[in-house]
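Protein chains in written order, with the working numbering: chain A, 88 to 412; chain B, 105 to 642. In this text, a Cβ means the ideal position worked out from N, Cα and C, and glycines have one as well. Take a look at the structure below.
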Amino acid sequence: MTPTQVMLGTLSDNAIRFATGVMLLAMVVYAARWALDRERATAGTLATREPAPALVGADAPAELPESVPVAADREAATERSRRAETLGRVAFNLFLLAGALLVAGVVLRGVAAERVPWSNMYEFATAGSAGVFLVFIGVRSRLRLQWLDFPMSFFLLVMLGLATTVLYTPVSGLIPALQSYWLAIHVTAAVTGTAVFSVAFIITVMQLIRRRQESTGRPSRLPPSATMDTAAYRLNAFAFPLWTFALIAGAIWAQHAWGRFWGWDPKEVWMFITWVSYACYLHARATPGWRRRLPWIGVVAYATIFFNLVVVNVFITGLHSYAGV
Amino acid sequence: MSTPVVQRRTGLRAAVEWLRWGWRQLTSMRTALLLLFLLALAAIPGSVVPQRQVNPVTVAEFVSRHPRLAPWYSRVGLFEVFSSPWFAAIYLLLMVSLVGCIVPRTLRHAKALRADPPRAPVRLERLGASHTWTADGGSDAVLASARAALASRRYRVIEGSDADGRRWLSAERGRHRETGNVLFHLALLAVLIGMALTTLLGFKASTLVVVGNGFANTITQYDSYTAGRLVSTSRLAPFSLTVNSFTVRFETGLEQFGAAREFDAAVTVVPRPGAPAVEDHLLVNHPLHIGREEVHLIGHGYAPVFTVTDGAGDTTFSGPVAFLPQDGNFASTGVLKMPDAKPDQLALQGLFLPTAVLDPTRGPVSVFPDAGNPMVYFTAYTGDLGLDDGSPTSVYALDTSTLTQLSVDGEPFRVALEPGQTAQLPGGVGKVRFDGYQRWVNLQISSRPGTMVVFVGAVVALVGISASLFIGRRRTFVGVREVAGRTVVTLAGLDQRAGAERSTDGLVDDLAAVAAAAGEPGTVDCGNGADVEQESRT
Numbered sequence: 088m089t090p091t092q093v094m095l096g097t098l099s100d101n102a103i104r105f106a107t108g109v110m111l112l113a114m115v116v117y118a119a120r121w122a123l124d125r126e127r128a129t130a131g132t133l134a135t136r137e138p139a140p141a142l143v144g145a146d147a148p149a150e151l152p153e154s155v156p157v158a159a160d161r162e163a164a165t166e167r168s169r170r171a172e173t174l175g176r177v178a179f180n181l182f183l184l185a186g187a188l189l190v191a192g193v194v195l196r197g198v199a200a201e202r203v204p205w206s207n208m209y210e211f212a213t214a215g216s217a218g219v220f221l222v223f224i225g226v227r228s229r230l231r232l233q234w235l236d237f238p239m240s241f242f243l244l245v246m247l248g249l250a251t252t253v254l255y256t257p258v259s260g261l262i263p264a265l266q267s268y269w270l271a272i273h274v275t276a277a278v279t280g281t282a283v284f285s286v287a288f289i290i291t292v293m294q295l296i297r298r299r300q301e302s303t304g305r306p307s308r309l310p311p312s313a314t315m316d317t318a319a320y321r322l323n324a325f326a327f328p329l330w331t332f333a334l335i336a337g338a339i340w341a342q343h344a345w346g347r348f349w350g351w352d353p354k355e356v357w358m359f360i361t362w363v364s365y366a367c368y369l370h371a372r373a374t375p376g377w378r379r380r381l382p383w384i385g386v387v388a389y390a391t392i393f394f395n396l397v398v399v400n401v402f403i404t405g406l407h408s409y410a411g412v
Numbered sequence: 105m106s107t108p109v110v111q112r113r114t115g116l117r118a119a120v121e122w123l124r125w126g127w128r129q130l131t132s133m134r135t136a137l138l139l140l141f142l143l144a145l146a147a148i149p150g151s152v153v154p155q156r157q158v159n160p161v162t163v164a165e166f167v168s169r170h171p172r173l174a175p176w177y178s179r180v181g182l183f184e185v186f187s188s189p190w191f192a193a194i195y196l197l198l199m200v201s202l203v204g205c206i207v208p209r210t211l212r213h214a215k216a217l218r219a220d221p222p223r224a225p226v227r228l229e230r231l232g233a234s235h236t237w238t239a240d241g242g243s244d245a246v247l248a249s250a251r252a253a254l255a256s257r258r259y260r261v262i263e264g265s266d267a268d269g270r271r272w273l274s275a276e277r278g279r280h281r282e283t284g285n286v287l288f289h290l291a292l293l294a295v296l297i298g299m300a301l302t303t304l305l306g307f308k309a310s311t312l313v314v315v316g317n318g319f320a321n322t323i324t325q326y327d328s329y330t331a332g333r334l335v336s337t338s339r340l341a342p343f344s345l346t347v348n349s350f351t352v353r354f355e356t357g358l359e360q361f362g363a364a365r366e367f368d369a370a371v372t373v374v375p376r377p378g379a380p381a382v383e384d385h386l387l388v389n390h391p392l393h394i395g396r397e398e399v400h401l402i403g404h405g406y407a408p409v410f411t412v413t414d415g416a417g418d419t420t421f422s423g424p425v426a427f428l429p430q431d432g433n434f435a436s437t438g439v440l441k442m443p444d445a446k447p448d449q450l451a452l453q454g455l456f457l458p459t460a461v462l463d464p465t466r467g468p469v470s471v472f473p474d475a476g477n478p479m480v481y482f483t484a485y486t487g488d489l490g491l492d493d494g495s496p497t498s499v500y501a502l503d504t505s506t507l508t509q510l511s512v513d514g515e516p517f518r519v520a521l522e523p524g525q526t527a528q529l530p531g532g533v534g535k536v537r538f539d540g541y542q543r544w545v546n547l548q549i550s551s552r553p554g555t556m557v558v559f560v561g562a563v564v565a566l567v568g569i570s571a572s573l574f575i576g577r578r579r580t581f582v583g584v585r586e587v588a589g590r591t592v593v594t595l596a597g598l599d600q601r602a603g604a605e606r607s608t609d610g611l612v613d614d615l616a617a618v619a620a621a622a623g624e625p626g627t628v629d630c631g632n633g634a635d636v637e638q639e640s641r642t
């Protein structure tokens, strides 16, 4: 490697570490905002809630909430909502900064290595996170996902934290098996598909939380679970053909490299399992009586992607052992 | 007399009823869904338990490590999940379910494709999204411009009128959403058929070729060979191939020190006897295509070159011997058998180290996969090699039971040689010269007829699934009524994505465009109303 490559590699490492730090800040500010919102939501419900009907029996509540909002309360609520808005803006800008640093880090890594920067687990995690960030920013206003900022910053922070500590691998060349333009096609499609599935997964997890709130009648600032369901479905439906393409591209590459397009190598098996799981998800949506189970199918399908990335890469040896961990 | 006949008839009818019921169950969405789940579940052991089809060596290891568990695994086919009867049962049932579902669906869709959009409903304002206003132009003008707007948005439009004087347009788009769906499922069948073809008609073989040597494509030259049931070995492509040189390069930088960076075999190919020779390069991701067969570079190693002179002073062996790599730094082991040596048959058991270092605890090891400091260590045997009775023996292993190991002062004779050095064997049985090393490559020859069927099927499936997920199927209606010399226009729409949560974005855009074309002065607000209604409905 030339000194320039080494320098660019270091620059990329620093950008991604810095992105992780800024993402942590963004998440903390989002958490603060979330807390304010919660306070506001609770105050708001308390202020407008009808007096509970008097209950007869031992478990009657000791005190009833006030039914009329006091002027001071209302002023405090306005102040809180103004503060929450400012915090939200600050957090989103930090989030954007972290994402920009991350994308810059991934690009620099590619320039340093003189190839697409997703050929081992560290690179897959960082490029995947950058993909999740870009997909999220791309659909955020279209699918009205502003409420997802906080969970998203948490998810990206965990991914980046793992990447920079456990998975870190310095810039290096490629073994001959990976020296093919199919790396750019197959793995790019897989990274993109994984990124879109990830955004859908985070929505699905929030949907399950929201559904529980709905069944207990707890107040929430989250959108109704049915809206989340639509958003998750649209993302999963978008990612499914991408995944299919990644699978086909992988098969063509396998034919080139090993003389067979499909050989039930563990990585192939799990890519197939993921494909079938998401096919189940799409099918279940069109099957009467299965709608309530849908989010769980989404979670299981996403779990198969993670199994493939973590367990198959690290613990099972096969032809696809390129993790570099 | 008639009673048994009646009984038989009801019995038959009952059986038919049962069959019908069974068929309905099998081809239902729910069964298809359960079978899909089972398929995913059944594939899991195939990735966790070693598979014979993927790597027989790991299966053998597993069997020796778990002697009590292995027979049970074997009995239920866990070592061959993907060719086991239960896995086949799942995908065959799934296939039957798919056929049973998709064939009627295809026929129904073929009919629907030729049909016109339906008549406009009488009460348009009852549809999910609707909007009514009074236009300035006459009904002809309104209908004409609405029609043009719909056509430009790729709607199929029909026009009609009711007895009460209302005139209407009924428009439909996105019929190919279902075409895509049907195509996707039919293409999956093609993929399955193609895969069956590759299994039945395909073969895979491998052969080890020392650089400088050649290879003719006949079954006798293969080291391993597996083929489908319908393959005839007499139809192998009659090519021959010579490996002229093999270039390897390994990482010498600190990061990933010793990782492979380049493999390049320069070859000369004669595609069939008498044809002109072709120079080519065989790389890991760049196979050779000769007729219907492919040649892949799947491995490499070292073949140290020896010259052995026997006790009688004759050269009994001269040339390279392929050694098999034992670790990532290509420490390789191999055997030399010299049945013609005099006075006794002679054998050497050797260790080749490409970059040899004497480790204080582990002894001689290789520290780099390239040949930086090649050395050979060997021990020697005399006696009966067991080659004369005609039973097959491995060229890589030595059966020492009928041999005597040469020794010096009671210690086994052991010697280390650098290229060019010669060792005298004890007892005057001969001498061994280590001339240097050559490389060998492992070539895989394979043929997969049916791959093209799978490929085309997969691409059609991809196009089909994309169409069925991304095409929006919508209906739009325009109703026009002349009331007291003015034109009252009602616009309405329906979004009908089967199964999918309806997103009204596209429909709202369409309605707004049609309204604008038909001269609605204000904005269409049915979009938001429709949206809210959609959300509250679910």
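Any C-beta of chain B under 8 Å from that of residue i
i      : result
A/Q342 : yes
A/R347 : yes
A/D100 : no
A/L273 : The residue you asked about is not Leu; residue 273 of chain A is His in the sequence shown. So no, A/H273 is outside the interface.
A/F288 : no
A/A371 : yes
A/W357 : yes
A/N400 : no
A/G218 : no
A/F327 : yes
A/F332 : yes
Where residue i falls, given that 16 or more other Cβ within 10 Å makes a residue buried
i      : result
B/H393 : exposed
B/L491 : exposed
B/E165 : exposed
B/Q449 : buried
B/K215 : exposed
B/Y500 : exposed
A/A147 : Note on A/A147: pLDDT 41, under 50, position unreliable in the model; the coordinate value appears next. Counting Cβ neighbours within 10 Å, A/A147 comes out exposed, since fewer than 16 surround it.
B/M479 : buried
B/T555 : buried
Contact belief for residue i with residue j at Cβ below 8 Å, rounded distance in angstroms
i      : j      : result
B/P408 : B/V388 : B/P408 to B/V388, Cβ: 24 Å. No contact.
B/T508 : B/T486 : 6 Å
B/T591 : B/V261 : Not really, about 18 Å apart at Cβ, beyond 8 Å.
B/F307 : B/T330 : 7 Å
B/V644 : B/T594 : Absent from the model: residue 644 of chain B. The displayed extent of chain B is 105 to 642, so no value can be given.
A/Y209 : A/L254 : 4 Å
Selection from the options that minimises the alpha carbon distance to residue i
i      : options                        : result
A/G175 : A/W351, A/D236, A/F332         : A/D236
B/G318 : B/L334, B/A369, B/V120         : B/A369
B/E229 : B/D614, B/G597, B/A621, B/H390 : B/G597
B/D488 : B/A445, B/L231, B/V314         : B/A445
B/S422 : B/K535, B/L202, B/T236         : B/K535
B/G334 : B/R257, B/R128, B/L301, B/P342 : The question names Gly, yet the displayed sequence has Leu at residue 334 of chain B. When each option's Cα is compared against that of B/L334, the closest is B/L301.
B/P225 : B/R552, B/L521, B/N285, B/S274 : B/S274
B/A341 : B/V567, B/A588, B/P377, B/M199 : B/P377
Closer than 8 Å to chain A by CB, residue i
i      : result
B/K308 : yes
B/I569 : yes
B/E605 : Residue placement at B/E605 is flagged as unreliable, the pLDDT there being 42, under the threshold of 50; a coordinate-derived value is accordingly withheld.
B/A389 : What sits at residue 389 of chain B in the sequence shown is Asn, not Ala. For B/N389, the answer is yes, since a Cβ of chain A falls inside 8 Å of its Cβ.
B/N632 : The predicted model places B/N632 with a pLDDT of 36, which falls under 50 and marks its position as unreliable; any figure quoted below should be read in that light. No, no contact with chain A.
B/S188 : no
B/S550 : yes
B/T555 : yes
Check: residue i C-beta below 7 Å from any heavy atom of the ligand GDP
i      : result
A/R297 : The model depicted lacks the ligand GDP and carries no ligand whatsoever.
Please specify which runs of the beta strand (DSSP E), each continuous and at least 3 residues long, are wholly inside the stretch 481-536 of chain B, giving them in chain order.
507-509, 519-521, 526-529
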